[in-house]
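Notes follow the structure.
Residue numbers (our numbering), protein chains in the order written: chain Y, 4 to 168; chain B, 100 to 230.
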C-alpha cells in the first residue's frame, strides 16, 4: 500500500494576515506525518505526530493558540482512532495539557474507556506522568484579544461562529 | 480545530482531531471533536475521516461516520464528503470541513466554509490549499 496523509487546520474564515502561517503549518504537519509513514511507521503514529505539531503551532485553534472559554481559559477536546481494530480514545474539557491528542491516545491504550473528561482526564494524565503546563502558556495574544472582543456588549460570538471550527 | 488522516504501508488507517472549541464557549461545552463518529472515525474496511466546523451541527448528522457511509455506498472520498457536508447544511444549517483517506489511498479535503487550510502527501507529492 502506498502511504498517504491528509491534514487540516480548521474550517472557517482565515484572515489574510494568518493565511501564510496556517498554510505553512499544515504543510509542515503533513510532511512530518509522511516522514513517519515513509519509514514504515504506523498511520496512528503519523496522525498523532501531525496533530501534535499543529497543537504546538499558535496559528491553530488547538493546544497552544486554542480559543478561550467564557472564563478566559483554554479548555480542549481531542480524539484518536485506529482503523485496524476500531479502538479509539478521547478527552474533553481538559486544561493545562500541551498535547491533548497524546492524552487521548493514552486513554485508548491504557484504559478500557473511550472518553475521559475534565477532572477525571486530568487525574489520569497525572497518573500517566503527562506533564501539566500553566494554563497561561497555552493562551496567545490573539486568542485573548478575541475573547475580550466577544465580551463586548454588541458582540454575538455564537452567531459569528456558527460555521467555524 | 486541527486534524489528520492517514493510511500506512500495511494498509491500516487512522484519524486524529484536536480542538480548543468555540470562542467564549460555556464552561464544560463539549463539541463534536471528542465524540467518536462526529469528530473523526477510522475503519480499515472503508477509510478514515477528521472533521471541523460547527460542532453541534456535526454531532447532529454524525459527520465523520456519515462520510464513510457514503463511501460504503460506492462514492469517492470527494463525492462522499460533499454529500455529507451538503446534508449537514440542508438539515441543520451548519458549515464545516472534512478530510478523508480511503482504504485504497484516495483522499479528499472538502469544506463548505469560506476557507480551510489543508495539506496532503501521496507518492511523495505535496499538495496544499486554503480556499
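Even glycine gets a Cβ: it sits at the ideal position worked out from N, Cα and C. Being a predicted model, the structure only gives us computed values, none of them experimental.
Sequence-distant residues of its chain with Cβ nearer than 6 Å to residue 167(Y) (five each side left out): On the first chain, residue 167(Y) is found 164 positions in, with the first residue counted as 1. Model confidence at residue 167(Y) stands at a pLDDT of 49, short of 50, so the residue's coordinates are unreliable; what they give is reported in the following sentence. Hits under 6 Å: 15.
Helix, strand or coil for residue 208(B), going by three-state DSSP, please let me know. For the purposes of this step, residue 208(B) is taken as residue 109 along the second chain, with counting starting at 1. Looking at residue 208(B) - three-state DSSP - the assignment turns out to be strand.
So, residue 150(B) versus residue 104(B), is the Cβ gap smaller than 8 Å? Locating residue 150(B) in the second chain gives position 51, where the first residue counts as 1. Locating residue 104(B) in the second chain gives position 5, where the first residue counts as 1. Against a cut-off of 8 Å, the Cβ pair of residue 104(B) and residue 150(B) comes out as no contact.
* **Cβ of residue 168(Y) within 8 Å of any chain B Cβ** => Here residue 168(Y) refers to the residue found at position 165 when the first chain is read from its first residue. Reliability fails at residue 168(Y), whose pLDDT of 43 lies under 50, so the model's placement of it is uncertain and the value that follows must be treated cautiously. Cβ-Cβ to chain B under 8 Å: yes for residue 168(Y).
Please report the Cβ distance between residue 97(Y) and residue 130(Y), rounded to the nearest whole angstrom; I am assuming they are in contact, meaning their Cβ atoms lie under 8 Å.
Position 94 of the first chain holds residue 97(Y). Position 127 of the first chain holds residue 130(Y). 14 Å between Cβ atoms; not a contact.
Using DSSP's beta-bridge definition, name the partner residues of residue 175(B).
Numbered from 1 along the second chain, position 76 holds the residue referred to as residue 175(B). None, per the DSSP bridge assignment.
Distance check for residue 116(B) and residue 108(Y), CA to CA, integer angstroms please.
Position 105 of the first chain, counted from the start, is the residue given in the question as residue 108(Y). Position 17 of the second chain, counted from the start, is the residue given in the question as residue 116(B). Roughly 11 Å separates the two Cα atoms.
Under 6 Å Cβ to Cβ from residue 219(B), same chain only, skipping five residues before and after it: list those, please. As a working note, residue 219(B) is residue 120 in the second chain. Around residue 219(B): 206, 226.
* Asked: Between 114(Y), 7(Y), 62(Y), 22(Y), which lies nearest to residue 48(Y) when the distance is taken from Cα to Cα?
  -> Along the first chain, one-based indexing puts residue 48(Y) at 45. The shortest C-alpha separation from residue 48(Y) is found at 7(Y).
From what residue to what residue does the beta strand (DSSP E) around residue 90(Y) run?
In the first chain, counting from the first residue as 1, residue 90(Y) sits at position 87. Note, residue 90(Y): beta strand (DSSP E), 90 to 97.
So is residue 137(Y) in contact with chain C if we call contact Cβ pairs under 8 Å?
Within the model displayed, chain C is absent; protein chains Y and B are what it includes.
Return the Cβ separation of residue 66(Y) and residue 216(B) in integer angstroms, given the expectation that the two are a contact with Cβ distance under 8 Å. For the purposes of this step, residue 66(Y) is identified with residue 63 of the first chain, where counting begins at 1. For the purposes of this step, residue 216(B) is identified with residue 117 of the second chain, where counting begins at 1. The pair is not a contact, with the Cβ atoms about 16 Å apart (cut-off 8 Å).
- Can the beta-carbon of residue 53(Y) be found less than 8 Å from the beta-carbon of residue 32(Y)? As a first step, residue 53(Y) must be located in the first chain, where it is residue number 50. As a first step, residue 32(Y) must be located in the first chain, where it is residue number 29. The answer is yes: Cβ separation under 8 Å.
Checklist line | Minimum Cβ-Cβ distance from residue 147(Y) to chain B less than 8 Å | finding: Taking the first chain and counting its residues from 1, the one referred to as residue 147(Y) is at position 144. With 8 Å as the cut-off, residue 147(Y) does not count as an interface residue toward chain B.
Among the residues of its own chain, which have a CB less than 7 Å from the CB of residue 171(B), if the five just before and after it don't count? Numbered from 1 along the second chain, position 72 holds the residue referred to as residue 171(B). Hits under 7 Å: 145.
ask   = Considering residue 104(B), what are the terminal residues of the beta strand (DSSP E) in which it resides?
value = By 1-based counting over the second chain, the position of residue 104(B) is 5. Following the DSSP letters along the chain, one finds residue 104(B) inside the beta strand (DSSP E) bounded by residues 101 to 106.
Original post:
Of the residues 138(B), 136(B), 211(B), which one's Cα is nearest the Cα of residue 186(B)?
Top reply: As a position in the second chain, residue 186(B) is number 87, starting the count at 1. Of 138(B), 136(B), 211(B), the residue nearest in Cα terms is 211(B).
Three-state secondary structure assigned by DSSP to residue 102(Y)
Reading the first chain from its first residue, position 99 is the one you call residue 102(Y). It is coil, neither helix nor strand.
### Query
Is any beta-carbon of chain B found at less than 8 Å from that of residue 87(Y)?
The count along the first chain starts at 1 and reaches residue 87(Y) at position 84. Yes, contact with chain B.
If we count the other Cβ atoms within 10 Å of its Cβ and call it buried at 16 or more, is residue 3(Y) buried or exposed?
Lying outside 4 to 168, the shown extent of chain Y, residue 3(Y) is not represented and no answer is given.
Exercise. Using a Cβ-Cβ distance under 8 Å, would residue 165(B) count as near chain Y?
Worked result: Mapped onto the second chain, residue 165(B) falls at position 66. With 8 Å as the cut-off, residue 165(B) does not count as an interface residue toward chain Y.
- Given that residue 126(B) touches chain Y, what residues does it touch there, using C-beta distances under 9 Å? Looking up residue 126(B) in the second chain gives position 27. Those within 9 Å of residue 126(B) in chain Y are 72, 73, 74, 76, 78, 96.
Under 8 Å by beta carbon: chain B residues contacting residue 65(Y):
Here residue 65(Y) refers to the residue found at position 62 when the first chain is read from its first residue. Within 8 Å Cβ-Cβ: 100, 101, 117, 118, 119.
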